[in-house]
Amino acid sequence: MEERGSLGSCQSHKTRLAEERAAHIRNKIVDQCERLQLQTAGIEKYLADTLPAKTPRVASTARTARELVIQRLTFIRNVCDNEEQRLLEEVHVEEERAQQGILTQRAHWTEAARKLSGIRTYLVDMLTKLDDLNLINSENEMDERTEEAEGILEPEESDKLNFNPSCVQSPLLNRLWASSMLCCSTVCEEITFDKKTISPLLAVTEGNVLTFLQKKTKNYLDGPERFNHWPNCLAINSFQNGIHAWKVNVENSGAYKLGIAYGSLARKGAGNDTRLGYNSVSWVFSRYDKDFRFSHDCQHQPVELLKSPKHIGILVDLEGGELIFFDPGSCVILYSHQTKFTAPIFPAFAVADENISLAK
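Heads up: the sequence shown begins at 0 in numbering that gives the first Met the number 0, then just goes up one per residue.
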């Protein structure tokens with residue numbers, strides 16, 4: 000009897016545990032169902048209220064964006080049209096001025112030639128037709144005619160008779176042109192440092208990085224193309240015609256030079272003939288600490304900047320004779336220079352602090 004009672008008590012305990020476990024599971028299911036119901040209600044509200052409201056809002060925002068694009072591009076077109084008209088009028092006025100000057104000079108020197116011819120004919124007649132007495136009596140008259148001829152000067156070349164291409168210089172046009180060229184990755188050149196020219200003070204590392212060696216110089220094999228004093232380097236690329244652009248990352252350096260040079264730039268020694276910006280065959284924009292300047296042929300033009308650019312774009316128009324240094328980040332022209340290029344140009348670099356790199 001005692002054994003049978005013990006078995007019944009154990010069975011009752013197991014039954015109670017099972018009931019409690021089942022009740023716990025049922026409560027979990029109820030809680031889960033409530034959560035699912037709340038989650039479903041949230042989804043239904045999202046489907047019924049939030050998404051339908053998004054559709055017109057997206058359409059409205061897209062419409063505003065389209066209008067903004069059209070508005071701004073229309074404004075830019077109008078500004079460009081007005082600038083085009085203004086510059087074309089400047090070209091017309093300058094051409095008319097030069098042509099009028101040529102006509103005036105032609106009339107003046109035609110008359111001068113006619114006078115000289117008349118005086119010469121007069122003198123020849125005096126020489127061949129007069130006897131000695133009449134020749135002596137006519138000496139004063141001949142002197143007067145000769146003085147008249149001496150008063151007619153020789154023609155001289157004058158820039159006033161040439162068309163002045165600077166009449167089309169426009170900050171707006173230059174800025175738009177430089178922005179378009181340097182902000183378009185398909186237009187920028189892929190520049191490569193020429194390791195045959197690199198100074199022992201520099202090293203080229205992976206990623207087209209040009210680094211200044213502060214402690215130990217490189218023992219490069221010397222050659223006629225290598226710079227052996229200043230921390231200079233040229234690119235392999237050379238350009239003889241057309242428009243070319245490239246960008247350089249200068250964020251890490253506080254002392255550098257960027258620009259162009261003819262291949263005739265001297266390579267050996269510490270003279271100005273090898274120093275970028277100190278001769279007639281190199282043009283560079285440079286930084287030393289907080290000072291910026293443009294240099295060519297020992298002429299240095301300070302450039303005032305509010306902040307140091309992280310990237311500098313170089314844009315050169317060989318036929319147009321224009322060199323522009325540009326900050327792509329702020330769309331600001333740092334410096335522009337006009338000249339006539341007479342030989343192929345090479346991208347030129349110098350680094351005296353940390354490193355610069357060719358931007359992609």
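The beta-carbon is built from N, C-alpha and C at its ideal position, and this holds for glycine as well.
For residue i, is the classification buried or exposed, using 16 other Cβ atoms within 10 angstroms of its Cβ as the cut-off for buried?
{"i": "Cys330", "result": "exposed"}
{"i": "Tyr287", "result": "exposed"}
{"i": "Glu1", "result": "Caution is warranted here: a pLDDT of 49 is assigned to Glu1, below 50, making its placement in the model unreliable, and the coordinate value is therefore given only provisionally. Under this definition Glu1 is an exposed residue."}
{"i": "Phe74", "result": "exposed"}
{"i": "Cys187", "result": "buried"}
{"i": "Pro327", "result": "buried"}
{"i": "Ala260", "result": "buried"}
{"i": "Gly360", "result": "The shown model of the chain, from 0 to 359, leaves out residue 360, and the question about it has no answer."}
{"i": "Glu18", "result": "exposed"}
{"i": "Asn225", "result": "Residue identity differs from the one stated: residue 225 is Arg in this sequence, not Asn. Answer is buried; the Cβ neighbour count reaches 16."}
{"i": "Ile24", "result": "exposed"}
{"i": "Val203", "result": "buried"}
{"i": "Leu209", "result": "buried"}
{"i": "Cys197", "result": "The amino acid at residue 197 is misidentified as Cys; the sequence shows Ile. Looking at its Cβ environment, which holds 16 or more other Cβ atoms inside 10 Å, Ile197 is buried."}
Going by C-alpha distance, which of the options is nearest residue i?
{"i": "Gly222", "options": "Pro327, Glu205, Leu86, Pro199", "result": "Pro199"}
{"i": "Ser263", "options": "Thr341, Ser285, Val68, Ile355", "result": "Thr341"}
{"i": "Leu220", "options": "Ala234, Lys194, Ala244", "result": "Lys194"}
{"i": "Leu72", "options": "Thr210, Gly41, Leu175", "result": "Leu175"}
{"i": "Gln337", "options": "Ala349, Ala351, Cys187, Glu321", "result": "Glu321"}
{"i": "Glu146", "options": "Asn133, Ile28, Leu122, Lys128", "result": "Leu122"}
{"i": "Cys79", "options": "Asn354, Ile197, Asn173", "result": "Asn173"}
{"i": "His295", "options": "Gly319, Ala347, His310", "result": "Ala347"}
{"i": "Thr109", "options": "Gln98, Pro154, Ala97", "result": "Pro154"}
{"i": "Ser279", "options": "Ala177, Ala265, Gly312", "result": "Ala265"}
{"i": "Lys181", "options": "Ser285, Val57, Phe325, Gly258", "result": "In the sequence on display, residue 181 carries Leu and not Lys. Here the closest residue by C-alpha is Phe325."}
{"i": "Val350", "options": "Phe192, Leu46, Thr60, Ile344", "result": "Phe192"}
{"i": "Glu189", "options": "Lys27, His23, Phe345", "result": "Phe345"}
{"i": "Tyr255", "options": "Gln239, Asn240, Ser285", "result": "Ser285"}
{"i": "Leu314", "options": "Ala358, Arg292, Gly258", "result": "Gly258"}
{"i": "Pro343", "options": "Glu318, Thr210, Ile323, Leu357", "result": "Glu318"}
{"i": "Ser335", "options": "Gln98, Trp282, Ala22", "result": "Trp282"}
{"i": "Leu333", "options": "Glu353, Ser237, Gly312", "result": "Gly312"}
According to DSSP, which residues form a beta bridge with residue i?
{"i": "Glu321", "result": "Asp316, Gln337"}
{"i": "Ala342", "result": "Ala342 is not bridged to any residue."}
{"i": "Trp245", "result": "Ile313"}
{"i": "Ile259", "result": "Trp282, Pro346"}
{"i": "Thr109", "result": "DSSP, once it has assigned bridges, lists no residue as partnering Thr109."}
{"i": "Val302", "result": "Phe291"}
{"i": "Leu233", "result": "Ala347"}
{"i": "Phe238", "result": "Ile344"}
{"i": "Thr204", "result": "Val208"}
{"i": "Ser157", "result": "The partner list for Ser157 (beta bridge, DSSP) is empty, contrary to what the question assumes."}
{"i": "Glu81", "result": "For the sequence presented, residue 81 should be read as Asn rather than Glu. Looking at the DSSP assignment, Asn81 forms no beta bridge with any residue, so it has no partner."}
{"i": "Phe192", "result": "Ala234"}
Given residue i, which residues of its chain have a CB within under 6 Å of its CB, disregarding the five upstream and five downstream residues?
{"i": "Lys267", "result": "Asn227"}
{"i": "Ile242", "result": "Asp316"}
{"i": "Lys13", "result": "none"}
{"i": "Ser178", "result": "Cys330"}
Return the chain-ordered list of same chain residues with a C-beta closer than 8 Å to the C-beta of residue i, the five sequence neighbours on each side being excluded.
{"i": "Leu115", "result": "Ala148, Ile151"}
{"i": "Lys309", "result": "Asn248, Val249, Glu250, Gly328"}
{"i": "Leu16", "result": "none"}
{"i": "Lys339", "result": "Gly320"}
{"i": "Glu33", "result": "none"}
Spatial neighbours of residue i within its chain, please: CB distance less than 7 Å, with the 5 preceding and 5 following residues excluded, ordered by chain position.
{"i": "Met141", "result": "Leu122, Met125"}
{"i": "Gly100", "result": "Lys159, Leu160"}
{"i": "Gly117", "result": "none"}
{"i": "Leu129", "result": "Ser137"}
{"i": "Ile323", "result": "Asn173, Ala177, Leu314, Ile332, Ser335"}
{"i": "Ala111", "result": "Ile151"}
Determine whether the Cβ of residue i lies closer than 9 Å to any Cβ atom of chain D.
{"i": "Gln36", "result": "In the structure shown, chain D cannot be found, because there is only a single protein chain."}
### Query
When the Cβ atoms of the region 203–217 are set against those of the region 161–175, are three or more pairs found closer than 8 Å?
No, the region 203–217 does not touch the region 161–175.
### Task
Tell me, please, whether the region 81–91 touches the region 148–161 by the rule of three or more beta-carbon pairs shorter than 8 Å.
Flag = no, the region 81–91 and the region 148–161 do not touch.
### Query
Any chance the region 236–255 sits against the region 267–278, with 3 or more Cβ pairs inside 8 Å?
No contact exists between the region 236–255 and the region 267–278.
### Message
Quick test of the definition: if touching needs 3 or more C-beta pairs under 8 Å, does the region 231–240 touch the region 296–304?
### Response
Contact check between the region 231–240 and the region 296–304: fewer than three CB pairs, one atom from each, fall below 8 Å, which does not count as touching.
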